[in-house]
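Residue numbers (our numbering), protein chains in the order written: chain A, 1 to 245; chain B, 1 to 245.
We treat Cβ as the ideally placed atom computed from N, Cα and C, and that holds for glycine.
Predicted model, so just to flag it, every value in this text is computed and none were measured.
This report refers to the structure that appears directly beneath it.
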């Protein structure tokens, strides 16, 4: 059966995250699988590069699926665009090599956590930025971030404990971009644990606010103890930015 | 009574425009006057630089009002921010000279019409951009815009006819900014008639799509006939950008 690669964007505000969950309605996967199923007249199973939590957005999410259809990819893309809700965008659709799998072949992901750092709210960007009113010390945040980069056991930066799975990940880069009052923290790695980017962000924000020092980072990593890391930053600030294969 | 200058932003999607209208609930003026009235314990009347239509946004809207209060401007601003809904932002509040009036003293306004020019939707900016799928010929749009600039009778670019009021306005500049798939058309003038920016935009879009030529512009202006101008572009794409005194 032909294999397809679908590039999506979504504003996650309204959704219970990416992954279909038993009886719970309102996930993005469910929405898309149901729509593709109706258009193609057959059940469709989507694999995504990774799950995104409830309320998390995607500038670029990659999925793959197999289907037998006479529609060209361009025609199928048009159909998708016609019926998708306004907060899910079908960016591109192409036929993929037979063995391509959006999750298994994913080589690198970048998540961006967006902060509006001002005492005045931003009415236009509030759905995908987290507002921090106090000034942030970017220099110490950068220092702390550098100590978190590399291959580490990130168990302390993960919400769910599943002792049988490895919690070792390679955090390849943490970059800071400031444009006016927006601060973007860009996390690039081979993969991320459950809530990992949000806990990393929460911890870095506590450093930026002077509540922790960069030197705490190695100790938190070594502890493998979630309780020692910072709080989980709100989902709304997080966007899956780029996925590489 | 002390006089105040309040700088606002708002996402107009949910609102029936700026101006309080008899019994109609859901205008921004009403929301703010009611809130200021409750905070200050006295009726408050707001003057704005100008009305914005239902669904139109403001990056910068200026208001003035008089009130007797023991609260400092900073304290009053904090109270406003505490109670305003998320789609109305109180950017700044300061005491103004006794004769300052947000509408009467306004010297120049800039409105920006934002277009997402792509066949793929943008899930993040859809509330304040109008999507045009077809390619636009920017060069002819710029030519047409230049022919509309200057002091003219803009009756053809105005929705409501009130024959007793002057429809002469000075359109000082129309600038085009393209950043990726976003096209911004920035209109600067001494004042704008009802729906004027949206009709100017609708007409320029028709030029950009090849349905009209720049040379039609002088003829439309001279006619003073609304029927000869283009369609009224949707409210959602329009943002009041800057107000000068």
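Exposure label - residue i; buried when at least 16 CB within 10 Å
i                      : result
residue 122 of chain A : buried
residue 23 of chain A  : exposed
residue 232 of chain B : buried
residue 41 of chain B  : exposed
residue 238 of chain A : buried
residue 212 of chain B : buried
residue 215 of chain A : exposed
residue 107 of chain A : exposed
residue 244 of chain B : exposed
residue 74 of chain B  : exposed
residue 229 of chain B : buried
residue 92 of chain A  : exposed
residue 227 of chain A : exposed
Reduced DSSP secondary structure (H/G/I, E/B, other) of residue i
i                      : result
residue 17 of chain B  : coil
residue 71 of chain A  : coil
residue 10 of chain B  : strand
residue 142 of chain B : helix
residue 49 of chain A  : coil
residue 22 of chain B  : coil
residue 213 of chain A : coil
residue 196 of chain A : helix
residue 127 of chain A : coil
residue 235 of chain A : helix
residue 31 of chain B  : helix
residue 108 of chain B : strand
residue 159 of chain A : coil
residue 58 of chain A  : strand
residue 279 of chain A : Examination of residue 279 of chain A is not possible in this model, given that chain A is present from 1 through 245 alone.
residue 202 of chain B : helix
residue 136 of chain B : coil
residue 79 of chain A  : helix
residue 181 of chain B : coil
residue 151 of chain B : strand
residue 118 of chain B : coil
residue 171 of chain A : strand
Whole-angstrom distance between residue j and residue i, CA atom to CA atom
i                      : j                      : result
residue 76 of chain B  : residue 181 of chain A : 23 Å
residue 242 of chain B : residue 86 of chain B  : 21 Å
residue 160 of chain A : residue 4 of chain B   : 52 Å
residue 199 of chain A : residue 153 of chain B : 59 Å
residue 201 of chain B : residue 54 of chain B  : 17 Å
residue 80 of chain A  : residue 225 of chain A : 44 Å
residue 157 of chain B : residue 115 of chain B : 20 Å
residue 83 of chain B  : residue 35 of chain B  : 8 Å
residue 221 of chain A : residue 28 of chain A  : 33 Å
residue 127 of chain A : residue 12 of chain A  : 9 Å
residue 219 of chain A : residue 125 of chain A : 35 Å
residue 97 of chain A  : residue 193 of chain A : 28 Å
residue 206 of chain A : residue 37 of chain A  : 45 Å
residue 184 of chain A : residue 117 of chain B : 26 Å
residue 155 of chain A : residue 167 of chain A : 5 Å
residue 119 of chain B : residue 94 of chain A  : 16 Å
residue 240 of chain A : residue 130 of chain A : 15 Å
residue 164 of chain A : residue 39 of chain A  : 40 Å
residue 112 of chain A : residue 186 of chain A : 4 Å
residue 51 of chain A  : residue 78 of chain B  : 39 Å
residue 72 of chain A  : residue 217 of chain B : 43 Å
residue 148 of chain A : residue 65 of chain A  : 35 Å
Close-in-space but distant-in-sequence residues of the same chain around residue i (CB under 6 Å, 5 per side omitted)
i                      : result
residue 188 of chain B : 110, 172 and 173
residue 191 of chain A : 169
residue 33 of chain A  : 44 and 46
residue 68 of chain B  : 1
residue 143 of chain A : 214
residue 89 of chain A  : 9
residue 63 of chain A  : 6, 46, 48 and 102
residue 195 of chain B : 159 and 232
Sequence-distant residues of its chain with Cβ nearer than 7 Å to residue i (five each side left out)
i                      : result
residue 134 of chain A : 209
residue 145 of chain B : 174 and 204
residue 30 of chain B  : 20
residue 267 of chain A : This structure leaves residue 267 of chain A out entirely; chain A is present only between 1 and 245.
Own chain, CB closer than 8 Å to residue i, minus 5 neighbours either side, in chain order
i                      : result
residue 26 of chain A  : 14, 15 and 16
residue 150 of chain A : 170 and 171
residue 235 of chain A : 12, 53, 54, 55, 56 and 198
Within chain D, partners of residue i - CB distance below 8 Å
i                      : result
residue 128 of chain A : Among the protein chains of the structure shown, namely A and B, there is no chain D.
Inter-stretch contact (C-beta, 8 Å, three-pair minimum) for the region 99-106 of chain B and the region 165-180 of chain B: Cβ pair count under 8 Å is below three, so no.
Inter-stretch contact (C-beta, 8 Å, three-pair minimum) for the region 48-63 of chain A and the region 5-21 of chain A: yes
contact_flag[the region 137-145 of chain A, the region 16-35 of chain B] where n(CB pairs < 8 Å) is 3 or more: no
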